[in-house]
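Notes follow once the structure below has been shown.
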Amino acid sequence: MTTPTRILLIDDDAVDRAAVRRALSKSGLAHTLAEASGGEEGLHLAAAETFDCVLLDYRLPGIDTFALLRTLLAAEGQARAVLMLTGEADPDLATRLMRAGALDYLDKAEVTPSGLARAIRYAEARQAFQAELAAARREAEAKSLELDTLNRQKSLLFSIIAHDLRNPFQALLGLSEVLGKAVAARDPASIERRAKGIHEAATQAYALLESLFSWASLQMDTMAVTLTDVDLDAVAAEVVHGVAEAAADKGLKLEASCGGIVVQAQRDMLTTVLRNLVGNAVKFTLPGGTISVSGRRDGDEVEISVTDTGVGMPTGKVDDLFRLDRRTTTNGTAGERGSGLGLLLCRDLVERQGGVLTVTSAIDRGTTFRFRLLTPLVPGQVHADCVPAF
Numbered sequence: 150m151t152t153p154t155r156i157l158l159i160d161d162d163a164v165d166r167a168a169v170r171r172a173l174s175k176s177g178l179a180h181t182l183a184e185a186s187g188g189e190e191g192l193h194l195a196a197a198e199t200f201d202c203v204l205l206d207y208r209l210p211g212i213d214t215f216a217l218l219r220t221l222l223a224a225e226g227q228a229r230a231v232l233m234l235t236g237e238a239d240p241d242l243a244t245r246l247m248r249a250g251a252l253d254y255l256d257k258a259e260v261t262p263s264g265l266a267r268a269i270r271y272a273e274a275r276q277a278f279q280a281e282l283a284a285a286r287r288e289a290e291a292k293s294l295e296l297d298t299l300n301r302q303k304s305l306l307f308s309i310i311a312h313d314l315r316n317p318f319q320a321l322l323g324l325s326e327v328l329g330k331a332v333a334a335r336d337p338a339s340i341e342r343r344a345k346g347i348h349e350a351a352t353q354a355y356a357l358l359e360s361l362f363s364w365a366s367l368q369m370d371t372m373a374v375t376l377t378d379v380d381l382d383a384v385a386a387e388v389v390h391g392v393a394e395a396a397a398d399k400g401l402k403l404e405a406s407c408g409g410i411v412v413q414a415q416r417d418m419l420t421t422v423l424r425n426l427v428g429n430a431v432k433f434t435l436p437g438g439t440i441s442v443s444g445r446r447d448g449d450e451v452e453i454s455v456t457d458t459g460v461g462m463p464t465g466k467v468d469d470l471f472r473l474d475r476r477t478t479t480n481g482t483a484g485e486r487g488s489g490l491g492l493l494l495c496r497d498l499v500e501r502q503g504g505v506l507t508v509t510s511a512i513d514r515g516t517t518f519r520f521r522l523l524t525p526l527v528p529g530q531v532h533a534d535c536v537p538a539f
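So the number in my numbering is just where the residue sits in the sequence shown, counting from 1, plus 149.
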């Protein structure tokens, strides 16, 4: 069954409206017709209903026809065709109306059933083509934006590889050379210092490579996510133990108190997130400061926080932390280097587990990173955001 064409006729002349009505009734075109005797009434009908085609009189009293035409065409969610009706045979006017968006220009004196039906069908086909063209343009723009994002990611990776990864390897080369001389000179103290430096440089390079691999896997969507029940206290304790030596070297106090909370997460991902956030806190906290990992139940969610009493950040820098096109890395309070990739990785890993990573910070007062994960379900329980609406 053919779907009727929904037509809106806007014309102040009752005789002309009747003529259009007769022509449509004899045209064989399946249609419905709504009529308005003025521009304001026409706009009201157009806003209240959906029309496929508008037949608009050029000379309506008390209204700018071009402004009315633009309003009809700009209606959100409406892909309507507009045909102009006029008693004037003016080619220049027709050209101006077509440029303003009208799809055809009909002389009232020459409106016939077949001609009107043909004009409406042509206008509908052209409007459909324009809608498809606009959709294709939007899709192309989205693809272009996606490609631009991928190019920025590639540039970031090359920047990290060229600069941040080169630094620890330069240190490895230099320290190993000095270590060789210290061994030849049989200088135990020098050997110990150089060996420690080599270990630190190798650890930095490995951590960066691990972050690069994990982040690249996320971007290519090759990292599988399987959520299980995870003991938050156990993960926090593991992370704190892993950074204990670095924190002790800077005279920092580490705290972890999650109250026996269990969350739904992928354990490796959660560990990576907390390790990066706590490591970042160690980097930017001055000697004597405190770093804490905590968990707090909130309904069927758990808010996990990593808080430090470090140097903090201004608002502008906080806003740029997770932007690929703006690298915000700075050296730590003891000159520690970083790539800025760790926080991007944390954000993506949290999002893959259904959460959102946020940050609040104030200069000289410290920084807090927060994210939320769901608590495990018990038999018969449904999370609030999963309850169907009736």
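Beta carbons are placed, not taken as given, at the ideal position from N, Cα and C, and that holds for glycine.
Being a predicted model, the structure only gives us computed values, none of them experimental.
Taking every protein chain shown into account, the CB of residue 520 has 16 or more other CB atoms within 10 angstroms, so this residue is buried.
In the DSSP annotation of this structure, residue 401 is not part of any beta strand (DSSP E), being labelled neither H nor E. Here DSSP, grouped into helix, strand and coil, assigns residue 500 to helix. Judged by their CB atoms, residue 410 and residue 376 are not nearer to each other than the 7 Å cut-off.
The C-beta distance from residue 455 to residue 423 rounds to 7 Å, short enough to fall under 8 Å. Take the alpha-carbon of residue 167 and the one of residue 241: they are about 28 Å apart.
With a 10 Å radius around the Cβ and a threshold of 16 neighbouring Cβ atoms, residue 318 comes out exposed. Using a Cβ distance threshold of 7 Å, residue 339 and residue 331 count as a contacting pair. Look at residue 229 here: in three-state DSSP terms it is coil, with no helix or strand label. Take the alpha-carbon of residue 501 and the one of residue 419: they are about 11 Å apart. Nearest Cα to residue 344 within the set 323, 440, 507: 323. Partner residues in a beta bridge of residue 276, as assigned by DSSP, do not exist. It is roughly 50 Å from the alpha-carbon of residue 156 to the alpha-carbon of residue 471. Membership of residue 251 in any beta strand (DSSP E) is not indicated, and neither H nor E is assigned to it by DSSP. Separation of residue 388 and residue 421 (C-alpha to C-alpha, rounded to the nearest whole angstrom) is 9 Å.
Residue pairing of residue 200 in beta bridges, as defined by DSSP: absent, with no partner found.
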